[in-house]
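Residue numbering for the sequence shown follows the working numbering, starting at 947 and increasing by one per position. Note that beta-carbon positions come from the ideal geometry of N, C-alpha and C, so glycine has one too.
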Amino acid sequence: MDYFEKDLEIPFLKVLSENREGLLMSEIKRLLLLRLELSGTCAEPSPTRPTEIRLQQRIGNFTPRRERRLFVKSYVTYNPETMVYKITEKGVTFLAENEEVYDSLISQGFTKRQREREIENDYQGLIIEE
């Protein structure tokens, strides 16, 4: 699969949830590369980081200074002194509520645009009556 940054939010949180003591970015990249099936542009060499593939670059773009949703919504914290990323309780809750949705989008073959649109939706508090 060709992973884009929004596609990486749930796997990023999952890796951190399994390592609650926190991880360095190099460890996060290593663990995600082991889990994700690479294809498309994410498997190509990065044009700006010659020692990495595009997926590694996309993972590395998850930094507080880039104001990614994971930090803006306080799902992940970053300690600049130790360079460690940690999932917050809010992040654990978000992961629990959204992991199945993410897996479903991927397994159904949603396009990048469809995945992004669905990922942006907030279904919290949605009640489905039968």
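Which of the three DSSP states, helix, strand or coil, is assigned to residue i?
| i | result |
| --- | --- |
| T1023 | strand |
| Y1031 | strand |
| P996 | coil |
| I984 | The amino acid at residue 984 is misidentified as Ile; the sequence shows Leu. It is coil, neither helix nor strand. |
If you drop the 5 nearest sequence neighbours on each side, which residues of the same chain put their C-beta closer than 8 Å to that of residue i?
| i | result |
| --- | --- |
| E973 | N965 |
| V961 | L969, I974, L977, L978 and R981 |
| E983 | M947 |
| Q1002 | K975, L979, S992 and R995 |
Please go through the same chain and pick out, in chain order, the residues whose beta-carbon is closer than 7 Å to the beta-carbon of residue i, but skip the five residues on each side of it.
| i | result |
| --- | --- |
| R1014 | F1008 |
| E998 | S992 |
Are there 16 or more other CB atoms within 10 angstroms of the CB of residue i, so buried, or fewer, so exposed?
| i | result |
| --- | --- |
| K1019 | exposed |
| Q1054 | exposed |
| R1012 | exposed |
| R1004 | buried |
If distances are taken between C-alpha atoms only, which option among the options comes closest to residue i?
| i | options | result |
| --- | --- | --- |
| E1035 | E1046, S985 and F1017 | F1017 |
| P1010 | Y1024, Q1003, Q1002 and R1004 | Y1024 |
| Y1021 | G986, K952 and G1037 | G1037 |
| R1000 | E1045, E951 and Q1060 | E951 |
| S985 | T997, Y949 and E998 | Y949 |
Quiz item: Are there three or more Cβ pairs, one per stretch, closer than 8 Å when the stretch 1029-1037 is compared with the stretch 956-970?
Solution: yes
Quiz item: Contact between the stretch 1035-1044 and the stretch 952-965: three or more CB pairs below 8 Å?
Solution: yes
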